[in-house]
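One structure is given here, and the rest of the page talks about it.
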Amino acid sequence: MSNILKKRIMRRVYTVYALRKVLSRTAFKVYTAVALLFGIKTFIHVAAVAENMPDFNNLSGLYNFSLHAVVNTGVAVQFIVFGVTALAIWTMRDVVKNIFAHKIQGRMSIQ
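Our numbering puts the first residue of the sequence shown at 26, with every later residue one more than the last.
Set out below in structure tokens:
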């Protein structure tokens, strides 16, 4: 009887562990990145965009090109651009937060 109970409890523990890994924040970011990359592959002709884009030295031209490219496309592409931007900001926020957390933690352990 106790062996059956132990197996049942451990099965639940493994299930909770697997769900926490699958539904973690990092996993959600990876799933979002994969979905956005698939959207870019499906909806955007990257070679044509790169061919029409001005040089990186011309910042005003690059800004105007990006603005007109986003405004004059379909809703799906606008959602993809917004999603990529939001994911980049979210990831950078977490990176900065982790850097400061480790710096503060490192200072506290030295003192």
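From the three backbone atoms N, C-alpha and C, an ideal C-beta is built for every residue, glycine too.
Item	Value
Local Cβ density within 10 Å of I114, reported as buried at 16 or more and exposed below that	exposed
Simplified DSSP assignment, three categories, for D80	coil
For T67, the nearest candidate out of L87, L112, I124, I105 (CA to CA)	I105
Span of the alpha helix (DSSP H) around G64	50 to 68
Per-residue DSSP class, three states only, for G86	helix
Residues near I65 in its chain [Cβ-Cβ closer than 8 angstroms; skip 5 each side]	V71, I105, V109
Collapsed DSSP secondary structure at N28 in the structure displayed	helix
Inter-residue spacing [alpha-carbon to alpha-carbon] between V41 and T57	22 angstroms
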